Amino acid sequence: MVNPIYDKLADKVSAEYSREGLIAIGKVDSDLESSISTKYYV
Numbered sequence: 001m002v003n004p005i006y007d008k009l010a011d012k013v014s015a016e017y018s019r020e021g022l023i024a025i026g027k028v029d030s031d032l033e034s035s036i037s038t039k040y041y042v
């Protein structure tokens, strides 16, 4: 599972790029949000 990797990434990015709005990281359940998965080729 990649969740722990993304959690570490989010922590590191938050620490290094703390200015609001500079970088955004999100998590989407592609089983529940299939339209988003299709739109962004996930």
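Under the UniProt record's numbering, think of the first position of the sequence shown as 1, with each following residue one higher.
Virtual Cβ for every residue (Gly too), placed ideally from N, Cα, C.
As the structure is a prediction and not an experimental result, all values here were calculated from the model.
By the criterion of a C-beta distance shorter than 8 Å, Ala24 is surrounded by no residue of its chain, once the five residues flanking it on both sides are discounted.
Sequence-distant Cβ neighbours of Val13 in its own chain, meaning closer than 7 Å and more than five residues away, are Ile23 and Ile25.
Pairing Val28 with Glu16, the inter-Cα distance amounts to about 23 Å.
Going by DSSP, Ser30 is part of no alpha helix (DSSP H) at all; its letter is neither H nor E.
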